[in-house]
Amino acid sequence: MTCVVKVTSVEITNLKNVRKGKFHTNSSFATLEKADVIGFYGQNGSGKTAAVEAFNLLKTLLSANHDAPLPKITSNLLYFNEKSIRLMFQFIIENRLGEFFVDYTVSLSPGRTKYRVVKEEVSYRENKGNTSFISLISKNDNEILIGNKKIQEMSEADRVSVMVANRMAVGNSTSFVFREELKEVFENLFEEHETELMKNISINFNSDLHVIDTIHYGLLIANLIMPFSVHLEKKRGHIPYEMQDTMVLPIDLFETIDQVVRQTNIVLQTIIPGLQIKIRQINKQTLSDGNEGVRFEFLSRKGEIELPLRSESEGTLKIISILSTLIAVYNNPNACVVIDELDAGIFEYLLGEILEVLNDNAQGQLLFTSHNLRILEVLPIRNLWFTTLNENDRYHQLRGVERLNNARDVYLRAVQLGGQAEEIYAETNLYDIKTAFRKAGIPHDN
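And the structure:
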């Protein structure tokens, strides 16, 4: 592997219901090829999904080369009455040229219809002694610095490329610093290791970053689409399988799905004994663009019984849809998979078994949100972050948990009695709940 990139910490400001929050992972240069499984727990509406949304935005920003636009302002990402969202991601990178710390900071504000980047900076330092961070590239509206050069100090060719990149970034609501138009500028103005670091973040890490949010699961439980998350050697992304009798895909996508199914079946039969996925190819047909496609259907097979895959339970379908990315976390140190509500629809004991296997033996990073407390019994306390009631300090780790303590018991005690640095649960009262239910059932005149 030419490089390994790991996220080490994330700072969130004014995103959804998080005014301020910071959390870190357990990755270090000494553990680059060891598992880093991080879970988020907390009351509904307390900031868990904001952590996932931060990675969703990062994925979009890193995909500037594909003109992936930032979300529409109607997505309500900005904290009430604030003017901008600020995110900072810290990475460690080991590549052929050494070991480095890299920071990426970005500020987003509402534009006319979409969010737009108003500030952006990538800085780094070598993992040597007391070296200081060096700014690689920064943008503050139209004030741009690449290395230590302003636009007017660059050659004409570089200046034109920078201006084109900036115009494209503004027009398409994308990141500026990760645009393809800057590739030659970096080669002209950066040292070799600096150019390599930009590539490691924008290409290597981006290709191995998967964010699976609740929209994916919502489409699945609505019996509309099962998004196959794909992580193969040279192919990444999602392929939407429409939950109907048959489906037509271009030949290259069909071959990718076939690879994913063969990969998934190896693990699936150990998780759900006896279950296998089968693809039944029906025929080839010409697509509307003139290219050749394949019509097929998915079947689930248990022994001699074959049924349409859509007849399986929501939990089984969810496991199938994300299994390729979990396989990547197990085998690929560079894989970073972020899943919102990982526990939804999955039997709690099985979920605990899967996470225990990944935490003990995997090589990549898995970050997830969950409500299921079974996981607190199988993951070390250092792997768990709990949301608080303090909007200015949203993420905390439990204190008072010794090595042999059950984190589940400590968490439930903190919910009931407090005792942590920040409150983690807005108190509810059984008597008030019973009274409210009773009053709500009394007929009221209009």
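Each position in the sequence shown, counted from 1, maps to that position plus 92 in our numbering.
For each residue, glycine too, the CB sits at the ideal point set by N, CA and C.
**Request:** Counting only runs of 4+ residues fully inside the region 325–369, write out the alpha helix (DSSP H) ranges in chain order.
**Result:** 343–363
**Item:** Distance CB(N484)-CB(K112) smaller than 7 Å
**Value:** yes
**Request:** Report yes if the CB atom of D432 is closer than 7 Å to the CB atom of L443, and no otherwise.
**Result:** Against a cut-off of 7 Å, the Cβ pair of L443 and D432 comes out as no contact.
**Prompt:** Excluding sequence positions up to five away, which residues of its chain have a Cβ less than 6 Å from the Cβ of R466?
**Reply:** E440, G444
**Item:** the region 120–137 in contact with the region 221–234 per 3-pair CB rule at 8 Å
**Value:** Touching, no.
**Request:** List the whole-angstrom C-beta distance separating V194 from I293, where the pair is believed to meet the contact cut-off of C-beta under 8 Å.
**Result:** 6 Å
**Prompt:** Under the rule that 16 or more other beta-carbon atoms within 10 Å means buried, what is K425, buried or exposed?
**Reply:** It should be noted that the sequence gives Pro, not Lys, for residue 425. Under this definition P425 is a buried residue.
**Asked** In whole angstroms, what is the alpha-carbon distance linking K370 and F390?
**Response** 6 Å
**Message:** For L107 and D337, I'd like the C-alpha separation in whole angstroms.
**Reply:** 41 Å
**Spatial distance of K98 from F181 (CA atoms)** = 10 Å
**Request:** Label L496 either buried or exposed according to how many other C-beta atoms from any shown protein chain fall within 10 Å of its C-beta, with 16 as the threshold for buried.
**Result:** Here the model assigns L496 a pLDDT of 46, short of 50, so the residue's position is not dependable and the matter cannot be decided.
**Prompt:** Looking at C-alpha atoms only, which residue of N258, G533, S265 is the closest neighbour of E273?
**Reply:** N258
**Asked** By a C-beta neighbour count over all protein chains shown, 10 Å radius and 16 as the cutoff for buried, is H488 buried or exposed?
**Response** buried
**Prompt:** Quick one, which of R486, L471, P472 has its alpha-carbon nearest F478's?
**Reply:** R486
**Request:** Assuming Y207 and L153 form a contact by the criterion Cβ under 8 Å, report the distance between their Cβ atoms to the nearest whole angstrom.
**Result:** In fact, because the Cβ distance is near 10 Å, the residues do not count as touching under 8 Å.
**Prompt:** Looking at the structure shown, is H116 part of a helix, part of a strand, or coil, going by DSSP?
**Reply:** Here H116 sits in strand by DSSP.
**Asked** Alpha carbon to alpha carbon, how far is N298 from Y196?
**Response** 13 Å
**Asked** Under the three-state reduction of DSSP, which class applies to L496: helix, strand or coil?
**Response** Caution applies to L496, whose pLDDT of 46 falls short of 50 and renders its modelled position unreliable; the value that the coordinates give is listed next. Coil at L496, not helix or strand.
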